[in-house]
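Student: Structure provided below as structure tokens; questions to follow.
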Amino acid sequence: MAALLVTGANLLGSGAQDLLIEDGVITEVGRLSAKGQRHRDVLDADGLVALPGLVDLHTHLREPGREDAETIASGSAAAAVGGFTAILAMANTSPVTDTAESAERILDLGRAAGLVDVVPVGAVTKGLAGDELAELGLMHRSRASVTVFSDDGHCVHDARVMRRALEYVRSFGGVVSQHAQDPHLAGPQACAHEGELSGRLGLPGWPGIAEESIVARDVMLARHTGSRVHIAHVSTAGTVEVVRWAKAQGINVTAEVTPHHLVLTTDLLSGYDPTYKVNPPLRPQEDVDALRAALADGTIDAVATDHAPHARHDKEHAFVDAAFGMLGLETALSVVSDVMVGGGLLDWDGVARVMSVAPARIAGLASHGQPLAVGSPAHLTLVDPTATVTVDRGSSLSLSRNNPWHGSTLRGAVHATVFAGRVTAQKGVIA
Ligand SMILES: NC(=O)N[C@@H](CC(=O)O)C(=O)O
Ligand SMILES: [Zn+2]
Ligand SMILES: [Zn+2]
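Residues in the sequence shown are numbered from 8 upward in steps of one, following our numbering.
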């Protein structure tokens, strides 16, 4: 029997404890070090905080189609060193994940990589084209049990299509994750927060209202259909207000924020560095402050990376022509630790909530986000709250290098990740 003893980990609420893990399940919790002499591996977690394994609701792996930018294996490795034990793989691959077979293929490639649970997200519409619903029911009933559907990269902008998608997923407890961007208010060229700076830089503006108006519409559609909607990458204070209002009405809405929208601001665009080009765009400080407060008070449920790897030749262009997106899997925990824990806005229990418990619940992943107690699946993330990391894009396990955190020093680091009872990563290296 495969056994692992984790010693001295700081378990939320119950202080330093040892955890015995056998065959992928936590079988004992307490001060166990002195017990028995069974053969087991030992992981010294003295001074480390133990979180339930992190879950990312929003990852872009580029397989199939752009394996030069990321593969399911390379993205899984980046996830493991970042402390993740489950990642949801967005559907905007080539071909799109819009059939049961394509979803099962992603599941199988994820299992073959074996470092995290790779959970396919299904497209809402065929080919992400926005008009015809994809085979949502077949994807749900497949071996991949797809529960989260998204046209991410594109907004489901036709209200009638969104309504029908919500009605459909309601029948099996699914959820639609919306990339909220009204295509008329923010067209395909829109790439900078619309404001004084975008005007001065001559970059096409992407106003907050293009996000907020879709979110307002979608929470009303969720109310009307009695269904569940999730808002991807919330970027403005106005969206926070809408979500807060909707939750107060009892509307079934959840929301995520990315690490970059919690920290980085639109003034970074003044050097025209495409590393900072992302969708939705970086916003002013007032929005950043509102996002942090909303994550702390639960209006925003989860942190999701929106890890969006891009090959050099897609990113290294004039700002308007470069691809949208930035890396996030390897740095997410350190960013959240630095800004939210360091800033006194969340404690470690709160980090467990926004990076594991809530995302697992939103995605319907029963074996993730569980308390670290006897009988739970052994997915855990050991964090060194005092370690300081200086991010070096060169040492990333992602195949891409579009890392906005390069050179930043952050307080708090993933020390090790345990997936299904097995150490998958330790100190930035795959175990
Ligand atoms: N976030 C991004 O800027 N890019 C994402 C698409 C998306 O999340 O909308 C991508 O697939 O590259
Ligand atoms: Zn998106
Ligand atoms: Zn995305």
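Idealized CB from N, CA, C, for every residue including glycine. These numbers were taken from a predicted model, which means no experiment stands behind them.
Using 8 Å as the Cβ pair cut-off and three pairs as the minimum, do the region 315-324 and the region 345-354 touch?
Tutor: Judged by pairs of C-beta atoms under 8 Å, the region 315-324 does not touch the region 345-354, as fewer than three such pairs exist.
Student: What number of angstroms, rounded off, separates the C-alpha of residue 253 from the C-alpha of residue 95?
Tutor: The C-alpha of residue 253 lies about 25 Å from the C-alpha of residue 95.
Student: For residue 19, name the three-state secondary structure that DSSP assigns.
Tutor: Coil at residue 19, not helix or strand.
Student: With a cut-off of 8 Å on the beta carbons, I'd call residue 97 and residue 132 a contact; round off their distance for me.
Tutor: Contact doesn't hold; Cβ gap of about 14 Å is too wide.
Student: Taking a cut-off of 6 Å, which residues have a beta-carbon closer than that to any heavy atom of ligand 1, in chain order?
Tutor: 67, 99, 159, 160, 186, 285, 286, 313, 315, 331, 332
Student: Spatial neighbours of residue 356 within its chain, please: C-beta separation below 8 Å, excluding the five flanking residues on both sides.
Tutor: Result list for residue 356: 19, 20, in chain order.
Student: For residue 429, which three-state DSSP category applies?
Tutor: strand
Student: Give me the residue from 64, 120, 47, 108 with the minimum Cα distance to residue 83.
Tutor: 120
Student: Would you call the region 283-290 and the region 331-340 touching, i.e. three or more CB-CB distances under 8 Å?
Tutor: yes
Student: If residue 232 and residue 170 are in contact, beta carbons under 8 Å, what's the gap, nearest whole angstrom?
Tutor: Yes, residue 232 and residue 170 are in contact; Cβ-Cβ is about 6 Å, under 8 Å.
Student: So for residue 321, helix, strand or coil by DSSP?
Tutor: helix
Student: Anyone know if the C-beta pair for residue 69 and residue 76 falls short of 7 Å?
Tutor: yes
Student: Please tell me whether, using a cut-off of 6 Å, the distance from the CB of residue 439 to the nearest non-hydrogen atom of ligand 2 is below it.
Tutor: No statement about residue 439 is possible, as the shown extent of the chain runs from 8 to 438 and does not include it.
Student: Hey, quick one: how far does the beta strand (DSSP E) through residue 231 stretch, first residue to last?
Tutor: Unbroken run through residue 231 is the alpha helix (DSSP H), 215-232; no beta strand (DSSP E).
Student: Within 10 angstroms of its Cβ, does residue 431 collect 16 or more other Cβ (buried), or is it exposed?
Tutor: Counting the other Cβ atoms within 10 Å of the Cβ of residue 431 gives 16 or more, which makes it buried.
Student: Quick check on DSSP: helix, strand or coil for residue 424?
Tutor: strand
Student: Would residue 55 and residue 391 qualify as a contact pair, given that the criterion is a beta-carbon distance under 7 Å?
Tutor: yes
Student: So, using beta-carbon positions, are residue 203 and residue 212 closer together than 7 Å?
Tutor: no
Student: If you follow the alpha helix (DSSP H) that residue 83 is part of, which residue opens it and which one closes it?
Tutor: Counting along the chain, the unbroken alpha helix (DSSP H) around residue 83 starts and ends at 79-88.
Student: In the DSSP output, which residue or residues are listed as bridge partners for residue 14?
Tutor: 51
Student: Which same chain residues, not among the five before or five after residue 31, have their C-beta less than 6 Å away from its C-beta?
Tutor: 385, 427, 428
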